[in-house]
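With the working numbering, letter number 451 in the sequence shown gets 749, and the count goes up by one each step, no holes.
C-beta: ideal position from N, C-alpha, C; glycine also.
Written out below as structure tokens is the structure these notes cover.
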Amino acid sequence: MDNESSNVSQAEEIKVQANEAFKAHKYGQAIDLYTQAIELNSQNAVYWANRAFAHTKLEEYGSAIQDATKAIEVDPKYSKGYYRRGAAYLAMGKFKEALKDFQQVKKICPNDPDATKKLKECEKAVMKLKFEEAISVPESERRFVADSIDYHSIGTSPGSSSMPTQVGIAAVAVAFVAVLAMMLGAAAATMVAAVVVVVLGTWWWGGSTEVEPQYSGAKIEGDVVTLDFVKKMMDDFKNQKCMHKRYAFQIVLQMREMLRSQPSLVDINVPDGSHFTVCGDVHGQFYDLINIFELNGLPSEENPYLFNGDFVDRGSFSVEVILTLFALKCMCPSAIYLARGNHESRSMNKIYGFEGEVRSKLSEKFVELFAEVFCCLPLAHVINQKVFVVHGGLFSVDGVKLSDIKAVDRFCEPPEEGLMCELLWSDPQPFPGRGPSKRGVGLSFGADVTRKFLQDNNLDLIVRSHEVKDEGYEIEHDGKLITIFSAPNYCDQMGNKGAYIRFEAPDLKPNIVTFSAVPHPDVKPMAYANNFLRMFQ
């Protein structure tokens, strides 16, 4: 009995230390400490729920759901167990599962205004999801937005302003919704209002693309994106000026045509005596992207780069990041290579900010256009037949060859299983074999899996991204796998460094360069994210 009492007391002391680590944004350390507390007293639901919260901060949503579920098993009336699990489901885009948990929170705490607010937001999200499913067009019948746009014809005719007509139609639409509200009730009117907003917004903002005489921003003369344009564009972005939609259309459409012709696995040749730079996640941190170029030079044929996915989301300058990377690729295709990350997808963009940011800075039509272009991004690259570069990681089965990756039909939204899913989502683990993903998608793989894949494909090294690291990188699996992450002080709170790898041919020895975050305008991360998700930040 005395020993049991001692364990409980010691566990409480460790929990206090874990809470302090959490407050200092040292989430990995907090998880280790909560684990120690659980080992001493596994029947305390608070420890499980707190560890779930720390996992959520590290985007380890699968582990967060497991811990929150354990907290509920220990104490079915502990509201925070349902709360933490609901938040993790939400972060994964599983709104229906999240709704069930927040309904339970409300049942346990009927007078909690915070629980009431979150339940209402979750109900809205589920209603919106059902509505989108109801009006969605089957994949086989969907027409590409890109095919309906001819940027050559935009801004070439003087035209007269259609603003009075637009205002008039908007007024009629508002009146129409108001009448429906009286006749059918607020819920039905809300549904119709959503349709009106989307249709009217697409027509209004998607159609107004004439280049005004007073526009003083970066301009593309003809079809060629030049270095002068790119420099002017980046300077405008640094000063928080927007690019005209006419030129944004041109960049994104040219990018689509270029990417569609590439294979799912791209081979890169770096001549002897030349170098090549690989960057990891940027996540909408435009000012840190510019800092990379200031440290390592702008992309060019003599100074080529590969950006390894997750260009957008979370950071609130994702539009600036993606247009800069796309413009550089249009300027000189061999100067920069781009790989798809798990955040180059509709489901992630809908939750983590890119979709909202695109609507705010460009238009509804661009939301669809970027989604189409992201489906064209290659899934992996091989440098000089020796270095395999992929956003996430390896596979649930042995024997996968590079030819299998090349054969993947990538022109779709990422599936929830299979090679494409695993390339975008998987993570390394410190022990052998394979295990469940801490994210809830993909899997975890050990050094033996890495070694087998390299041997089967006559490769020397795997470079991947996908995970924030304190120093901006981590070398694992007996030196055969490097994680590289290029978003320093991730989300303005992690305190991590950023890093990139510079390879020199022919030996391709990785030279890792780390850097710190630079100041940016006072626009918080997730500023454009799903309103419901922001409530949990």
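Chain-order list of residues whose beta-carbon lies under 6 Å from that of residue i (same chain, five-residue window excluded)
{"i": "Ser598", "result": "Ala633"}
{"i": "Asp758", "result": "Lys684"}
{"i": "Leu587", "result": "Val580 and Val619"}
{"i": "Ile312", "result": "Leu331, Gln334 and Ala335"}
{"i": "Lys355", "result": "Tyr325"}
{"i": "Asp534", "result": "Gly515 and Ala516"}
{"i": "Phe729", "result": "Gly744"}
{"i": "Leu417", "result": "Phe400 and Lys404"}
{"i": "Val523", "result": "Ala625, Cys628 and Met629"}
{"i": "Ala825", "result": "Ser614"}
{"i": "Phe751", "result": "Leu692"}
CB of residue i within 9 Å of CB of residue j, strictly
{"i": "Ser377", "j": "Cys407", "result": "yes"}
{"i": "Glu655", "j": "Ser614", "result": "yes"}
{"i": "Leu722", "j": "Arg644", "result": "no"}
{"i": "Gly515", "j": "Met532", "result": "no"}
{"i": "Asn682", "j": "Ala803", "result": "yes"}
{"i": "Met629", "j": "Phe547", "result": "no"}
{"i": "Asn787", "j": "Ala815", "result": "yes"}
{"i": "Leu338", "j": "Ala369", "result": "no"}
{"i": "Val821", "j": "Asp754", "result": "no"}
{"i": "Leu675", "j": "Gly571", "result": "no"}
{"i": "Asp365", "j": "Ala385", "result": "no"}
{"i": "Gln583", "j": "Ala785", "result": "yes"}
{"i": "Ile780", "j": "Val766", "result": "no"}
{"i": "His775", "j": "Pro726", "result": "yes"}
For residue j and residue i, believed in contact at Cβ under 8 Å, the rounded distance
{"i": "Asp399", "j": "Tyr387", "result": "7 Å"}
{"i": "Lys744", "j": "Arg732", "result": "Inspection of the sequence shows that residue 744 is occupied by Gly rather than by Lys. Going by Cβ atoms, the distance from Gly744 to Arg732 rounds to 7 Å, so yes, they are a contact pair."}
{"i": "Ile649", "j": "Arg544", "result": "Contact flag wrong, Cβ pair sits at about 30 Å."}
{"i": "Gly777", "j": "Tyr359", "result": "Actually they are not in contact, since the Cβ atoms of Gly777 and Tyr359 sit about 30 Å apart, beyond 8 Å."}
{"i": "Phe783", "j": "Gly651", "result": "Actually they are not in contact, since the Cβ atoms of Phe783 and Gly651 sit about 18 Å apart, beyond 8 Å."}
Nearest-angstrom Cα separation, counted from residue j out to residue i
{"i": "Asp790", "j": "Glu662", "result": "28 Å"}
{"i": "Glu302", "j": "Ile363", "result": "28 Å"}
{"i": "Glu720", "j": "Gly691", "result": "6 Å"}
{"i": "Leu482", "j": "Met425", "result": "Note that Leu482 scores 49 on pLDDT, short of 50, meaning its location in the model is unreliable; the coordinates nonetheless yield the value given after this. Rounded to whole angstroms, Leu482 to Met425 spans 17 Å at the Cα level."}
{"i": "Leu525", "j": "Met556", "result": "18 Å"}
{"i": "Phe591", "j": "Lys627", "result": "14 Å"}
{"i": "Phe709", "j": "Asp412", "result": "41 Å"}
{"i": "Val443", "j": "Asn567", "result": "34 Å"}
{"i": "Gly796", "j": "Lys375", "result": "42 Å"}
{"i": "Asp707", "j": "Ser340", "result": "46 Å"}
{"i": "Gly836", "j": "Ala678", "result": "Outside the shown range of the chain, which is 299 to 835, sits residue 836, and nothing can be said about it."}
{"i": "Cys420", "j": "Pro823", "result": "21 Å"}
{"i": "Asp300", "j": "Ser742", "result": "40 Å"}
{"i": "Lys246", "j": "Tyr513", "result": "No statement about residue 246 is possible, as the shown extent of the chain runs from 299 to 835 and does not include it."}
{"i": "Met390", "j": "Ala423", "result": "13 Å"}
{"i": "Asp696", "j": "Pro734", "result": "16 Å"}
{"i": "Lys415", "j": "Glu508", "result": "42 Å"}
{"i": "His450", "j": "Arg383", "result": "50 Å"}
{"i": "Ser694", "j": "Ile518", "result": "46 Å"}
{"i": "Ser304", "j": "Glu769", "result": "38 Å"}
{"i": "Val306", "j": "Lys321", "result": "23 Å"}
{"i": "Lys536", "j": "Thr622", "result": "11 Å"}
{"i": "Ile703", "j": "Leu427", "result": "32 Å"}
Own chain residues within Cβ distance below 8 Å of residue i, not counting five before or after
{"i": "Ala319", "result": "Tyr325, Gln327, Ala328 and Leu331"}
{"i": "Leu239", "result": "Here the chain comprises residues numbered 299 to 835, so residue 239 is not present and cannot be evaluated."}
{"i": "Ser705", "result": "The identity of residue 705 in the sequence shown is Ala, whereas the question assumes Ser. Closer than 8 Å at Cβ, skipping near neighbours: Ser562."}
{"i": "Thr575", "result": "Asn594, Asn601, Pro602, Tyr603, Leu604, Tyr798, Ile799, Arg800 and Phe801"}
{"i": "Val680", "result": "Leu563, Val564, Asp565, Ile566, Phe686, Val687, Leu700 and Leu757"}
Spatial neighbours of residue i in its chain, beta-carbon cut-off 7 Å, leaving aside the 5 residues before and after
{"i": "Gln538", "result": "Pro819"}
{"i": "Met836", "result": "Because the chain spans 299 through 835 in this model, residue 836 falls outside it and cannot be assessed."}
{"i": "Gln402", "result": "Tyr380"}
{"i": "Lys659", "result": "Cys540 and Val617"}
{"i": "Ser460", "result": "Confidence in Ser460 is poor, its pLDDT being 37 and thus under 50, which makes the residue's placement too unreliable to answer from."}
{"i": "Met646", "result": "Asp611 and Asn640"}
{"i": "Pro569", "result": "Ala803"}
{"i": "Leu667", "result": "Val443, Ala444 and Val550"}
{"i": "Ala343", "result": "Ala369, Val372, Asp373, Tyr376 and Gly379"}
Residues that DSSP places opposite residue i in a beta bridge
{"i": "Glu802", "result": "His573 and Lys807"}
{"i": "Ala797", "result": "Thr812"}
{"i": "Ser742", "result": "Asp725 and Gly733"}
{"i": "Leu563", "result": "Ala678"}
{"i": "Arg762", "result": "Val688 and Thr781"}
{"i": "Leu604", "result": "Val576 and Tyr635"}
{"i": "Ile773", "result": "Ile780"}
{"i": "Ser598", "result": "Asn601"}
Residue-level contact to chain C via CB, residue i, 9 Å cutoff
{"i": "Ser434", "result": "Protein chain content of the structure displayed is limited to a single chain, and chain C is not contained in it."}
Residue i Cβ short of 8 Å to the ligand MN heavy atom set
{"i": "Tyr381", "result": "The ligand content of the structure shown is nil, which means the ligand MN is not present either."}
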